Amino acid sequence: MGRPLPDVLRVDWPANTAEPPAATLAALDRATEVLRTGGRVAIPTETVYGLAADALDEFAVDGIFRAKGRPATNPLIVHVADVAMAKSLAASWPEAAGRLAAALWPGPLTVVVPRGPDVPDIVTAGGPTVALRCPAHRLTRLLIARSGIPLAAPSANRSERVSPTTAHHVLEGLGDRVDLILDGGPCTQGIESTVVDCTVTPPRILRPGPLPRRRLEEALGGPVLGPDAPAGVADAPARSPGARARHYAPRTRLELRGDAVARVDELLRQGRRVGWLTTQVAEPAVRTLAANRDLVIVPMPDEPGAFAAALYAALHALDRRELDRIVVDEPPSGEEWHAIRDRLTRAAT
Ligand code: AMP
Ligand code: MG
3 MGRPLPDVLR VDWPANTAEP PAATLAALDR ATEVLRTGGR VAIPTETVYG LAADALDEFA
63 VDGIFRAKGR PATNPLIVHV ADVAMAKSLA ASWPEAAGRL AAALWPGPLT VVVPRGPDVP
123 DIVTAGGPTV ALRCPAHRLT RLLIARSGIP LAAPSANRSE RVSPTTAHHV LEGLGDRVDL
183 ILDGGPCTQG IESTVVDCTV TPPRILRPGP LPRRRLEEAL GGPVLGPDAP AGVADAPARS
243 PGARARHYAP RTRLELRGDA VARVDELLRQ GRRVGWLTTQ VAEPAVRTLA ANRDLVIVPM
303 PDEPGAFAAA LYAALHALDR RELDRIVVDE PPSGEEWHAI RDRLTRAAT
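Start counting the sequence shown at 3; every next residue gets the next number (our numbering).
Next comes the structure, spelled out in structure tokens:
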């Protein structure tokens with residue numbers, strides 16, 4: 003017998019109101035109670051939904067690893083309400099972290115800094131650094147500020163699966179492995195945060211994300227190395243534990259194709275059932291293929307921010323349809339598409 007499914011509590015905060023509605027505050031109180039007693043709460047953020055527990059409670063954090071089936075070698079990001087809480091978890095606060103946080107928090111930026119003495123080993127996978135982020139979703143920030151609990155929170159999905167961008171994705175993927183789900187609506191960014199190692203000079207991007215390198219350099223007032231910069235350029239070896247090649251993958255096999263029209267046509271001729279994420283729906287060749295009943299076309303935006311926001315929901319939807327293959331148009335080159343290319347390349351591995 004499984005445990006009961008978690009409650010899904012809607013949290014909202016209408017614009018132009020000073021205080022959230024009473025029902026939202028009651029939901030945050032329920033969440034705080036779950037967190038205080040070592041449980042797991044799924045939280046909305048602007049990137050993806052997180053599976054959160056008290057970062058300072060090692061047993062609670064262990065529950066996150068077990069619920070996800072996440073390897074213990076993959077450290078967690080700790081979510082904070084503000085810079086003051088971030089500093090309380092760091093042994094020191096590098097100038098680069100200060101500048102980046104001042105300009106880009108709250109937002110989809112994670113800084114890696116020297117780890118403070120209160121942070122348990124399990125959060126950092128035993129390493130000397132801790133990853134910190136102040137999320138933009140204001141109800142999640144309010145939850146952290148009101149409870150005073152820093153939240154260790156990876157994405158709220160089973161390890162190696164597609165990250166959730168709605169409360170429904172969390173319920174579908176984790177079921178009774180989470181104690182409570184806060185539904186704050188669909189995630190506006192839709193892909194995981196940009197992770198920057200601030201313990202090296204110049205700072206280095208460990209994981210590309212919604213904030214492109216140019217934005218980081220503007221905020222810092224100096225160079226930031228990309229994830230592909232050759233080793234030895236920064237003054238210490240880059241560490242990106244847990245950044246394995248296969249990640250973020252749907253169950254259905256996925257192909258990233260520069261020749262998607264021809265490839266989809268070929269798969270259909272072989273009798274396969276195909277899902278296709280494409281920005282080319284207006285093309286006559288695509289319109290011709292669209293008549294095929296074995297093809298499910300998901301039209302995608304051709305602007306990178308909107309594409310990212312729609313991507314995981316599209317993959318979740320296609321994954322439910324028991325198709326033989328998912329084909330995705332190769333995204334354009336260019337820095338704004340970097341994080342999307344990164345996630346799709348991993349999904350295709
Ligand atoms: P996820 O929570 O699944 O989005 O993954 C968080 C990612 O943040 C991991 O894959 C790590 O690569 C990165 N990360 C977390 N903590 C650290 C750390 N202390 N040093 C470097 N990278 C980290
Ligand atoms: Mg994840």
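Even for Gly, the Cβ is constructed at its ideal location relative to N, Cα and C. Keep in mind the model is a prediction, meaning the values are calculated, not measured.
Same chain, Cβ closer than 8 Å to Thr34, neighbours up to 5 away in sequence not counted = Counting from one through the sequence shown, the residue named residue 34 turns up at place 32. Hits under 8 Å: Leu145, Arg148, Ser149 and Ile151.
Do Val197 and the ligand AMP come close, with the Cβ less than 8 Å from some heavy atom?
-> Here the question's residue 197 lines up with position 195 in the sequence shown. Yes, since a heavy atom of the ligand AMP falls inside the 8 Å radius drawn around the Cβ of Val197.
Flag Val114 as yes when its Cβ comes closer than 8 Å to any non-hydrogen atom of the ligand AMP, and as no otherwise.
-> Taking the sequence shown and counting its residues from 1, the one referred to as residue 114 is at position 112. Checking every heavy atom of the ligand AMP against the Cβ of Val114, one is found closer than 8 Å.
Can you tell me which of the three DSSP states Ala238 falls into?
-> Along the sequence shown, read from residue 1 onward, the residue named residue 238 stands at position 236. Any answer about Ala238 is weak, because its pLDDT of 49 lies below 50 and its placement is not dependable; what the coordinates show is given next. Coil, per DSSP.
Nearest to Thr201 (by Cα), restricted to the options Val50, Gln282, Val132 and Asn294 = One-based indexing of the sequence shown puts residue 201 at position 199. Among Val50, Gln282, Val132 and Asn294, the Cα nearest to that of Thr201 belongs to Val132.
Taking the C-alpha atoms as reference points, what is the distance between Leu91 and Ser157?
-> Counting from 1 along the sequence shown, the entry for residue 91 is found at position 89. Counting from 1 along the sequence shown, the entry for residue 157 is found at position 155. Note on geometry: alpha-carbon atoms of Leu91 and Ser157 lie some 21 Å from one another.
First and last residue of the uninterrupted alpha helix (DSSP H) at Ile124 | Working through the sequence shown from its first residue, we reach residue 124 at position 122. Element bounds for Ile124: Asp123 to Thr126.
If Leu227 and Pro204 are in contact, beta carbons under 8 Å, what's the gap, nearest whole angstrom?
-> Sequence index remark: in the sequence shown, residue 227 carries index 225 (1-based). Sequence index remark: in the sequence shown, residue 204 carries index 202 (1-based). 6 Å between Cβ atoms; contact.
Can you grab the Cα-Cα spacing for the pair Asn76 / Val125, in whole Å?
-> Here residue 76 refers to the residue found at position 74 of the sequence shown. Here residue 125 refers to the residue found at position 123 of the sequence shown. Rounded to whole angstroms, Asn76 to Val125 spans 9 Å at the Cα level.
What are the uninterrupted segments assigned as alpha helix (DSSP H) that are 4 or more residues long and contained completely in the region 36-105, given in chain order?
-> Within the region 36-105, the runs of alpha helix (DSSP H) that reach at least 4 residues and sit entirely inside it are, in chain order, 60-70 and 85-90.
Start-to-end residues for the beta strand (DSSP E) that takes in Glu285 | Locating residue 285 in the sequence shown gives position 283, counting from the first residue. In this chain, Glu285 is not harboured by any beta strand (DSSP E), its DSSP state being neither H nor E.
Check the DSSP bridge columns for Val202 and list the partner residues they point to.
-> Taking the sequence shown and counting its residues from 1, the one referred to as residue 202 is at position 200. Answer is none; Val202 lacks a bridge partner.
Output yes or no for whether 9 Å exceeds the beta carbon distance between Leu320 and Leu291.
-> Start at 1 with the first residue of the sequence shown, and residue 320 comes out as number 318. Start at 1 with the first residue of the sequence shown, and residue 291 comes out as number 289. Cβ distance not < 9 Å, so Leu320 and Leu291 don't count as in contact.
Give the DSSP-derived three-state secondary structure of Leu297 in the structure shown.
-> Numbered from 1 along the sequence shown, position 295 holds the residue referred to as residue 297. Strand, per DSSP.
Determine the DSSP secondary structure at Leu208, reduced to helix, strand or coil.
-> For the purposes of this step, residue 208 is identified with residue 206 of the sequence shown, where counting begins at 1. Leu208 falls in the strand class under three-state DSSP.
Going by alpha carbons, who is nearest to Gly224 out of Ala293, Gly175, Ala231 and Arg206?
-> The residue labelled residue 224 in the question sits at position 222 within the sequence shown. Taking only the C-alpha atoms, the option nearest Gly224 is Arg206.
Distance, Ala28 Cα to Gly307 Cα | Here the question's residue 307 lines up with position 305 in the sequence shown. Here the question's residue 28 lines up with position 26 in the sequence shown. If you draw a straight line from the Cα of Gly307 to the Cα of Ala28, it is about 33 Å long.
Using the rule of at least 16 other Cβ atoms within 10 Å of the residue's Cβ for burial, across every protein chain shown, is Ala287 buried or exposed?
-> Counting from 1 along the sequence shown, the entry for residue 287 is found at position 285. With fewer than 16 Cβ atoms within 10 Å of its Cβ, Ala287 is classed as exposed.
In this structure, does DSSP put Ala7 in helix, strand or coil?
-> For this step, residue 7 is matched to residue 5 along the sequence shown. Sequence inspection shows Leu at residue 7; the Ala mentioned does not correspond to that position. Secondary structure of Leu7 (DSSP, three-state): coil.
Around the Cβ of Leu293, are there at least 16 other Cβ atoms within 10 angstroms (buried) or fewer (exposed)?
-> Taking the sequence shown and counting its residues from 1, the one referred to as residue 293 is at position 291. The amino acid at residue 293 is misidentified as Leu; the sequence shows Ala. Ala293 comes out exposed.
Hey, is Tyr314 close to the ligand MG, as in C-beta under 8 Å from one of its heavy atoms?
-> As a position in the sequence shown, residue 314 is number 312, starting the count at 1. Flag unset: Cβ of Tyr314 not near the ligand MG.
Count the other CB atoms, across all protein chains shown, that sit within 10 Å of the CB of Phe309; report buried if there are 16 or more and exposed otherwise.
-> Walking along the sequence shown from the start, residue 309 turns up at place 307. Result: buried.
Please confirm whether any heavy atom of the ligand MG lies closer than 8 Å to the CB of Asn159.
-> For the purposes of this step, residue 159 is identified with residue 157 of the sequence shown, where counting begins at 1. Yes, Cβ of Asn159 sits closer than 8 Å to a heavy atom of the ligand MG.
Could you name the residues of the same chain whose beta carbon sits closer than 7 Å to that of Pro116, not counting the 5 residues immediately before and after it, in chain order?
-> Taking the first residue of the sequence shown as position 1, residue 116 is located at position 114. If the five residues before and after Pro116 are omitted, its C-beta is found closer than 7 Å to the C-beta atoms of Ala92, Ala93, Ser94, Pro130, Thr131 and Thr201, all from its own chain and listed in chain order.
From Gly336, Leu58 and Ala251, pick the residue whose C-alpha is nearest to that of Val329; which is it?
-> As a position in the sequence shown, residue 329 is number 327, starting the count at 1. When each option's Cα is compared against that of Val329, the closest is Ala251.
Is it a yes or a no for the region 56-66 touching the region 160-173, going by three-plus beta-carbon pairs under 8 Å?
-> Using a C-beta cut-off of 8 Å, the region 56-66 makes no contact with the region 160-173, since fewer than three inter-stretch Cβ pairs fall below that distance.
When you compare only the Cα positions, how much space is there between Leu134 and Asp84?
-> If you number the sequence shown from 1, residue 134 lands on position 132. If you number the sequence shown from 1, residue 84 lands on position 82. Rounded to the nearest angstrom, the two C-alpha atoms are 10 Å apart.
Whole-number beta carbon distance between Asp185 and Leu11, since they are thought to touch under 8 Å = Here the question's residue 11 lines up with position 9 in the sequence shown. Here the question's residue 185 lines up with position 183 in the sequence shown. Confirmed, Cβ separation roughly 7 Å.
Which same chain residues, not among the five before or five after His171, have their C-beta less than 6 Å away from its C-beta?
-> On the sequence shown, position 169 is the one that residue 171 refers to. Here the set comprises His318.
Does any heavy atom of the ligand AMP sit closer than 8 Å to the C-beta of Leu176?
-> Sequence index remark: in the sequence shown, residue 176 carries index 174 (1-based). Using a cutoff of 8 Å, the CB of Leu176 does not count as near the ligand AMP, since none of the ligand's heavy atoms is closer than that.
From Val63, Pro46 and Cys136, pick the residue whose C-alpha is nearest to that of Thr39; which is it?
-> What you label residue 39 is simply residue 37 of the sequence shown in a count that begins at 1. Distance from the Cα of Thr39 is smallest, within the candidate group Val63, Pro46 and Cys136, for Val63.
Taking the C-alpha atoms as reference points, what is the distance between Cys136 and Asp296?
-> Stepping through the sequence shown from its first residue, residue 136 is reached at position 134. Stepping through the sequence shown from its first residue, residue 296 is reached at position 294. Take the alpha-carbon of Cys136 and the one of Asp296: they are about 44 Å apart.
Looking at the unbroken beta strand (DSSP E) that takes in Pro116, where does it start and where does it end?
-> As a working mapping, residue 116 is identified with position 114 in the sequence shown. Counting along the chain, Pro116 sits inside the beta strand (DSSP E) bounded by residues Leu111 to Pro116.
Evaluate Gln272 with the Cβ neighbour count: other Cβ atoms within 10 Å of its Cβ, from every protein chain shown; 16 or more gives buried, anything less gives exposed.
-> On the sequence shown, position 270 is the one that residue 272 refers to. That one is exposed.
Distance, Cα to Cα, Pro122 vs Tyr314?
-> Mapped onto the sequence shown, residue 122 falls at position 120. Mapped onto the sequence shown, residue 314 falls at position 312. The straight-line gap from Cα to Cα measures roughly 31 Å.
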